[in-house]
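Working notes, beginning with the structure itself.
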Amino acid sequence: MTTVAPFLPWNRPLLGQEEEAEVMDTLRSGWLTHGPKAGRFEEAVKAELGVEDAFAVSSCTAALHLALLAAGIKPGDEVITPSLTFCAAPNAIVQCGARPVFTEVDQVTLTIDPGAAEQAITSRTKAVVVMHYGGQPCDLLAFRKLADDHGMVLIEDAAHALHAWRDGLRAGSVGDLAVFSFYANKVITCGEGGMIVGRADLVQAARLLGRHGIDTSVWQRHGKRNTADYEVTVPGLKYTMPDITAAVGLQQFQKLPDFTARRALIAASYDRSLANLPGLRLPIVADGVRHGWFLYPVLIEPAGGLTRDMVAEMLLNDHGIGTSVHFKPVHHFAAYRHLDCHLPITEQIATQQLSLPCYPAMTAADVQRVIDAAHAVWC
41 MTTVAPFLPW NRPLLGQEEE AEVMDTLRSG WLTHGPKAGR FEEAVKAELG VEDAFAVSSC
101 TAALHLALLA AGIKPGDEVI TPSLTFCAAP NAIVQCGARP VFTEVDQVTL TIDPGAAEQA
161 ITSRTKAVVV MHYGGQPCDL LAFRKLADDH GMVLIEDAAH ALHAWRDGLR AGSVGDLAVF
221 SFYANKVITC GEGGMIVGRA DLVQAARLLG RHGIDTSVWQ RHGKRNTADY EVTVPGLKYT
281 MPDITAAVGL QQFQKLPDFT ARRALIAASY DRSLANLPGL RLPIVADGVR HGWFLYPVLI
341 EPAGGLTRDM VAEMLLNDHG IGTSVHFKPV HHFAAYRHLD CHLPITEQIA TQQLSLPCYP
401 AMTAADVQRV IDAAHAVWC
């Protein structure tokens with residue numbers, strides 16, 4: 041009888057009694073929606089990143105939408121972004137009535153290429169949304185200069201990089217605005233949730249838009265004689281993070297240094313143990329980068345005689361190990377196929393990329409299991 045190995049998922053969150061206690065405290069407080077704990081979460085992230093302001097929202101997609109609206113993106117505008125990303129950023133661009141302009145990534149770091157982005161600028165370009173791939177920040181200084189030189193708004197999609205640095209700069213601290221994700225599989229999790237940080241005027245604009253356009257929050261009105269005494273100053277949306285969600289985030293954020301260190305140890309184990317497998321290209325870290333290792337993204341090159349899909353299938357079926365692909369290029373999806381794209385590097389990476397499990401909940405035995413399975417696949 042063949043013994044099937046227990047499934048090791050590509051990712052799973054690491055939660056403990058601290059999160060449980062914080063959530064129970066919130067439930068017992070009677071205040072469940074956006075209030076004091078969301079405010080504490082915002083202040084903690086703001087202080088850690090050294091940014092002017094922060095606003096906790098319901099998802100990173102909500103943060104992207106608000107960032108673009110706060111930046112004044114409107115119909116007829118163009119916004120540059122990579123195609124090797126999740127669909128959230130392009131979707132948010134389209135929801136503002138603007139046109140996403142997909143550009144190429146660097147074939148070494150897999151982050152958006154500043155030179156390619158510059159070539160895509162037209163008279164209609166109003167912003168660039170850079171994406172920090174897998175915990176490796178893009179060239180922040182180059183994009184800051186590019187945005188300043190061309191009068192564009194720089195938005196950092198830092199969903200993978202709450203804990204990463206480049207050239208001494210924290211991811212999320214350089215753009216006019218930056219957004220983070222606290223989805224279940226992210227660096228820290230709230231289950232769902234996101235945050236927008238950056239320039240105080242733009243974050244405040246996003247905050248106003250994200251609470252229906254109302255000039256005061258429900259927490260600010262709590263305890264007042266007339267809670268209906270408020271004004272709707274702009275047509276807004278409902279994107280606020282509830283305190284139940286923020287309660288989880290508060291405790292997860294305190295664990296971020298430990299989570300980051302654990303991810304780095306796992307990545308180092310893979311670097312040592314997988315370096316000589318033929319056709320397997322391990323991640324390359326750019327100079328000046330302190331990688332966050334949200335992903336451990338390998339490329340399966342033809343020289344090894346295996347395809348990416350073959351490797352993923354063997355790891356799953358023969359060894360019970362889950363993997364993931366980051367990402368199917370956005371311009372391959374039906375909603376975006378009408379856009380004229382020639383992105384050969386992105387196209388190549390899309391057929392080769394595979395993300396191995398790399399997360400704090402993994403035990404040493406889990407890591408060794410992935411290493412042993414990889415060697416078995418290549419033997």
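First residue of the sequence shown: 41, per the working numbering; consecutive thereafter.
We put the CB at the ideal spot given by N, CA and C, even for glycine.
Since we're looking at a predicted model, the values are computed, not measured.
Query                                                                                                                                                                  : Result
Below 7 Å CB to CB, which residues in the same chain sit around Q135 once its five sequence neighbours on both sides are set aside?                                    : H105
What is the rounded straight-line gap between the Cα of D380 and the Cα of H366?                                                                                       : 22 Å
Counting along the chain, where does the alpha helix (DSSP H) carrying T194 start and finish?                                                                          : Rather than Thr, the amino acid found at residue 194 in this sequence is Leu. Here L194 belongs to no alpha helix (DSSP H); instead the beta strand (DSSP E) covers 193-197.
Report the rounded CA-to-CA distance for V148 versus I324, giving the unit in angstroms.                                                                               : 6 Å
Buried or exposed: which applies to F47, given that a residue is buried once 16 or more other Cβ atoms fall within 10 Å of its Cβ?                                     : exposed
Which first and last residues belong to the alpha helix (DSSP H) in which M171 is found?                                                                               : Counting along the chain, M171 falls outside any alpha helix (DSSP H), though it belongs to the beta strand (DSSP E) covering 165-171.
Determine the DSSP secondary structure at V365, reduced to helix, strand or coil.                                                                                      : coil
Just verifying my parser: in three-state terms, what is the DSSP assignment at M41?                                                                                    : Residue confidence for M41 is low, a pLDDT of 38 falling below 50, so the modelled location carries little weight; the figure read from the coordinates is stated next. Three-state result, M41: coil.
With a floor of 4 residues, list each alpha helix (DSSP H) that falls wholly inside the region 66-106, ordered by position along the chain.                            : 76-89
In the DSSP assignment, find the alpha helix (DSSP H) that holds M350 and state where it starts and stops.                                                             : 348-359
For the beta strand (DSSP E) that L396 lies in, which residues bound it at each end?                                                                                   : 393-396
Excluding five sequence neighbours on each side, which residues of the same chain lie with their C-beta closer than 6 Å to the C-beta of M41?                          : Residue placement at M41 is flagged as unreliable, the pLDDT there being 38, under the threshold of 50; the coordinate-derived value follows with that caveat. Cβ within range, chain order: n/a, list empty.
Considering just the uninterrupted stretch of the beta strand (DSSP E) at F220, what are its terminal residues?                                                        : 217-221
Once the 5 residues before and after A156 are set aside, which same chain residues still bring their CB inside 6 Å of it?                                              : T143, E144
Please report the distance separating the alpha-carbon of F81 from that of C419.                                                                                       : 48 Å
Under three-state DSSP, which class holds L314?                                                                                                                        : coil
Mind checking G234: buried by the 16 CB within 10 Å criterion, or exposed?                                                                                             : buried
Using the C-alpha atoms, what's the distance from T162 back to V338?                                                                                                   : 34 Å
Between R303 and W333, how many whole angstroms is the CB-CB distance? I'm expecting something under 8 Å.                                                              : 4 Å
Report all residues from its chain with a CB closer than 7 Å to the CB of G215; omit the five preceding and five following residues, and keep chain order.             : L194, I195, E196, G238
Measure how close the beta-carbons of T66 and D283 come, nearest whole angstrom, since I'm counting them as under 8 Å.                                                 : 5 Å
Go ahead and label K226 buried or exposed: buried means 16 or more other beta carbons lie within 10 angstroms of its beta carbon, across all protein chains shown.     : buried
Are the beta-carbon atoms belonging to T125 and I133 less than 8 Å from one another?                                                                                   : no
Alpha carbon to alpha carbon, how far is L249 from V351?                                                                                                               : 46 Å
Note the first and the last residue of the continuous beta strand (DSSP E) segment covering I133.                                                                      : Run containing I133: none in the beta strand (DSSP E); it sits in the alpha helix (DSSP H), 128-135.
Between the region 203-218 and the region 175-192, can you find at least three pairs of beta-carbon atoms closer than 8 Å?                                             : yes
For F373, count neighbouring C-beta atoms within 10 Å of its own C-beta (all shown protein chains included) and say buried if the count is 16 or more, exposed if not. : exposed
With L339 as the anchor, note down where its beta strand (DSSP E) starts and where it stops.                                                                           : 336-340
Express the C-alpha separation of G231 and E92 in angstroms, rounding to a whole number.                                                                               : 26 Å
First and last residue of the alpha helix (DSSP H) that includes G289?                                                                                                 : 283-294
For E118, list the residues DSSP reports as bridge partners.                                                                                                           : R139, T165
So which of M192, R68, H415, G276 has the shortest CA-CA distance to A102?                                                                                             : G276
Taking DSSP as the reference, what is the three-state secondary structure of L124?                                                                                     : coil
Do the CB positions of V370 and S123 come within less than 8 Å of each other?                                                                                          : yes
How is the beta strand (DSSP E) around V237 delimited, first residue to last?                                                                                          : 234-238
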